[in-house]
Amino acid sequence: MKVCIIGVGYVGLVTGVCLAEIGHNVICVDNVEAKIEKLKKAVSPIYEPGLEGFIEKNLKAQRLKFTTDIKYGVQNSEIIFISVGTPSLSNGQADLSYVEAVAAEVGKYINGEKIIVNKSTVPIGSGDWVSMIVSESIQKNNPDKNVKFSVVSNPEFLREGSAIGDTFFPDRIVIGSSSKSAIDKMLELYSPLIEQSFDWHSIDIPRLLPKGQKVPVVVSDLTSAEMIKYAANSFLATKISYINEIANICEKVGADILKVAEGMGLDSRIGPKFLSAGIGWGGSCFPKDVSALAYIANEYGMTPQILNSIINVNREQRLKIVKKVQDELKIVKGKTISVLGIAFKPNTDDTREAPSISIMNSLINLGARIKAYDPVVKEKPQTLSEKVILSQDVYDSIKGADLLILTTEWDEFKNLDFSKIKSIMNNNIIIDGRNLFDREKLLKLGFKYIGIGR
Ligand code: NAD
Ligand code: UGA
Numbered sequence: 013m014k015v016c017i018i019g020v021g022y023v024g025l026v027t028g029v030c031l032a033e034i035g036h037n038v039i040c041v042d043n044v045e046a047k048i049e050k051l052k053k054a055v056s057p058i059y060e061p062g063l064e065g066f067i068e069k070n071l072k073a074q075r076l077k078f079t080t081d082i083k084y085g086v087q088n089s090e091i092i093f094i095s096v097g098t099p100s101l102s103n104g105q106a107d108l109s110y111v112e113a114v115a116a117e118v119g120k121y122i123n124g125e126k127i128i129v130n131k132s133t134v135p136i137g138s139g140d141w142v143s144m145i146v147s148e149s150i151q152k153n154n155p156d157k158n159v160k161f162s163v164v165s166n167p168e169f170l171r172e173g174s175a176i177g178d179t180f181f182p183d184r185i186v187i188g189s190s191s192k193s194a195i196d197k198m199l200e201l202y203s204p205l206i207e208q209s210f211d212w213h214s215i216d217i218p219r220l221l222p223k224g225q226k227v228p229v230v231v232s233d234l235t236s237a238e239m240i241k242y243a244a245n246s247f248l249a250t251k252i253s254y255i256n257e258i259a260n261i262c263e264k265v266g267a268d269i270l271k272v273a274e275g276m277g278l279d280s281r282i283g284p285k286f287l288s289a290g291i292g293w294g295g296s297c298f299p300k301d302v303s304a305l306a307y308i309a310n311e312y313g314m315t316p317q318i319l320n321s322i323i324n325v326n327r328e329q330r331l332k333i334v335k336k337v338q339d340e341l342k343i344v345k346g347k348t349i350s351v352l353g354i355a356f357k358p359n360t361d362d363t364r365e366a367p368s369i370s371i372m373n374s375l376i377n378l379g380a381r382i383k384a385y386d387p388v389v390k391e392k393p394q395t396l397s398e399k400v401i402l403s404q405d406v407y408d409s410i411k412g413a414d415l416l417i418l419t420t421e422w423d424e425f426k427n428l429d430f431s432k433i434k435s436i437m438n439n440n441i442i443i444d445g446r447n448l449f450d451r452e453k454l455l456k457l458g459f460k461y462i463g464i465g466r
């Protein structure tokens, strides 16, 4: 099938590559020329394990094209995915300006029957709203044209850092629309994924579902599909805020959150995933999606008490690290703190809403000198204080530090040489914001170890 993906970011690029890999002809459109130029040379503009190999393979097979020409993309495809960003406005509402701009362009260039798919995470009701924008644009630009189109909500559940595995081997596929024929087309598009009938050649990423094992599909109305996405992300964020609150109680009563989470997670009704206590959830999605759902509830005159609570718990969880630093150092002014990890989680270069950034900015405000290191983030994010010193070497970031904070649980940090670290630090205090390090080992080496909830 002929597919166009508009917005080639973390979601659009992976979706485009996956659809090409399962045999479709995919045109990926983005309005950032530099990104498209890189992609034409099979260079990924984002850090996502395993992605580049698939880009290269499908470019060569001529199933994947990259362009800035949206007209070309729209006119040469039957299914058009909108996968642009939907960031938060300052009041928590989702900013739909990028979706609006794309929907208007699609209406401007539409040249026959199309299915327009909302892949972006959008507020409830956006499917109908996109339909209106496209219709208005058709009216404005081609009043004589009688073109038909349907809108589908097909939310994305991939996680950054494991996006390839999540996309090829999903837990489920959700398709929402009022058009039966559009739903049928979407089922046809995804058929190789649903049936798990495609061959898998990747050496880096294992086949996560047995060949032929069917992936569940949820077919619904537009509104329910949109709600599934917000409800799923908010539930996952709730699970993390819950375990963080339990971790905080553990610290007071002397329990160990790792044992508590293990004991809870073995209950099949609870499950072990998303029970890692830490410095709170960040990233480009949970913060904005929980806020957007709370905003929607407010619009309907409701007070979303659980959502409001998890937002507060999460905000406080980041501040708790700053408090732990103050408890240990007493005077923060003039102290050197090493921060390991800038990305909001491992295996990505994404720093949007990274907890590390708010922690570092707060410590800078308290007068600390911060040296930060990340295995992949090599340029300072705009939201990070200019005063933070970015080290290109992990030991360089630790040298002379009065305290070390682990903020992102990259594998690289698991195997650090702690004897060396002890000899180059000024003081031997480690705050392990992700409970990554071996506590007993560090204690034996003479470090003061402070974890989360233990
Ligand atoms: P992103 O910022 O990485 O990518 C968006 C892309 O859209 C950018 O490359 C941008 O240049 C492009 N763009 C913006 N306006 C455009 C226009 N008018 N024409 C063409 N291209 C345009 O965003 P993302 O992280 O991929 O997220 C996209 C959507 O998917 C969001 O709604 C997000 O909530 C949702 N989502 C993201 C993830 C994730 O892990 N990042 C997972 C599930 C869902
Ligand atoms: C999340 C969801 O997991 C995806 O299903 C969804 O598609 C995506 O948001 C989205 O809508 O964009 P992602 O943001 O990539 O994916 O990352 P997660 O692995 O979910 O982690 C989110 C945050 O929660 C990170 O800051 C992570 O460190 C934190 N986290 C996660 C914890 O603190 N504890 C955990 O147990 C799990």
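In my numbering, the protein residues as written are 13 to 466.
We put the CB at the ideal spot given by N, CA and C, even for glycine.
For residue j and residue i, the rounded distance between their alpha carbons
i, j, result
"Asp81", "Pro61", "28 Å"
"Asn310", "Gly463", "37 Å"
"Ile442", "Phe286", "24 Å"
"Ala289", "Arg451", "15 Å"
"Arg330", "Asn324", "10 Å"
"Gln74", "Ile34", "13 Å"
"Lys345", "Asn438", "15 Å"
"Ser132", "Leu428", "39 Å"
"Ala32", "Gly379", "51 Å"
"Met13", "Val229", "20 Å"
"Gly313", "Ile343", "46 Å"
"Pro204", "Ser296", "29 Å"
"Val114", "Thr419", "36 Å"
"Ala237", "Asn359", "29 Å"
"Phe161", "Ser253", "41 Å"
"Lys83", "Val118", "8 Å"
"Asp339", "Leu448", "21 Å"
"Glu45", "Glu207", "36 Å"
"Thr79", "Ser109", "21 Å"
"Glu172", "Tyr22", "7 Å"
"Gly294", "Glu365", "5 Å"
"Ile1", "Ser191", "With the chain running from 13 to 466 in the structure shown, residue 1 is simply not present."
"Asn377", "Lys332", "15 Å"
"Ser138", "Tyr242", "13 Å"
"Met198", "Leu270", "42 Å"
Proximity winner among the options, relative to residue i (alpha-carbon distances)
i, options, result
"Ile410", "Asn440, Lys399, Ser397 and Leu396", "Asn440"
"Ile92", "Glu49, Glu274 and Val163", "Val163"
"Ile433", "Leu352, Gly465, Ser132 and Ile255", "Leu352"
"Val186", "Ser143, Asn130 and Ile145", "Asn130"
"Gln317", "Cys16, Gln225, Thr250 and Val272", "Thr250"
"Tyr385", "Asn373, Val400 and Leu375", "Val400"
"Asp361", "Leu418, Lys390 and Val134", "Lys390"
"Lys426", "Ile436, Val406, Pro218 and Ser435", "Val406"
"Ser246", "Ile127, Phe298 and Asn37", "Phe298"
"Thr348", "Ile258, Asp414 and Val146", "Asp414"
"Asp107", "Lys383, Glu68, Leu248 and Leu305", "Leu305"
"Lys126", "Ile258, Glu274, Ile176 and Val146", "Val146"
"Gly412", "Ser435, Ala54 and Lys72", "Ser435"
Range of the contiguous beta strand (DSSP E) that encloses residue i
i, result
"Gly188", "Ile185 to Gly188"
"Tyr385", "Arg381 to Tyr385"
"Lys223", "Run containing Lys223: none; DSSP gives neither H nor E here."
"Ser232", "Val229 to Ser232"
"Leu305", "Segment Phe298 to Glu311 is the alpha helix (DSSP H) holding Leu305; no beta strand (DSSP E) there."
"Thr348", "Thr348 to Leu352"
"Leu270", "Run containing Leu270: none in the beta strand (DSSP E); it sits in the alpha helix (DSSP H), Ile269 to Gly277."
Start and end residues, alpha helix (DSSP H) containing residue i
i, result
"Asp444", "Taken as a continuous stretch (DSSP letters only), Asp444 belongs to no alpha helix (DSSP H), being part of the beta strand (DSSP E) at Ile441 to Asp444."
"Ile94", "Counting along the chain, Ile94 falls outside any alpha helix (DSSP H), though it belongs to the beta strand (DSSP E) covering Ile91 to Ile94."
"Ser374", "Pro367 to Asn377"
"Ile48", "Glu45 to Lys52"
"Leu287", "That residue, Leu287, is in no alpha helix (DSSP H); it is neither H nor E in DSSP."
"Leu31", "Tyr22 to Glu33"
"Ile318", "Gln317 to Leu341"
"Ile417", "Looking at the DSSP string, Ile417 is not in any alpha helix (DSSP H); the run it does join, the beta strand (DSSP E), is Leu415 to Leu418."
"Glu200", "Lys192 to Glu207"
"Tyr59", "Per DSSP, Tyr59 belongs to no alpha helix (DSSP H) and is neither H nor E."
"Phe180", "Ala175 to Phe180"
"Ser149", "Ser138 to Asn153"
"Lys432", "Phe430 to Ile436"
Which residues DSSP lists as bridging residue i, in chain order
i, result
"Cys40", "Ile17 and Phe78"
"Val460", "According to the sequence displayed, residue 460 carries Lys and not Val. According to DSSP, which records beta bridges pairwise, Lys460 is partnered with Ile441."
"Phe161", "Lys126"
"Ala115", "Paired residue(s): none; Ala115 is not in a bridge."
"Ala106", "Ser100"
"Ile291", "Bridge partners of Ile291: none, in fact."
"Ile401", "Lys383"
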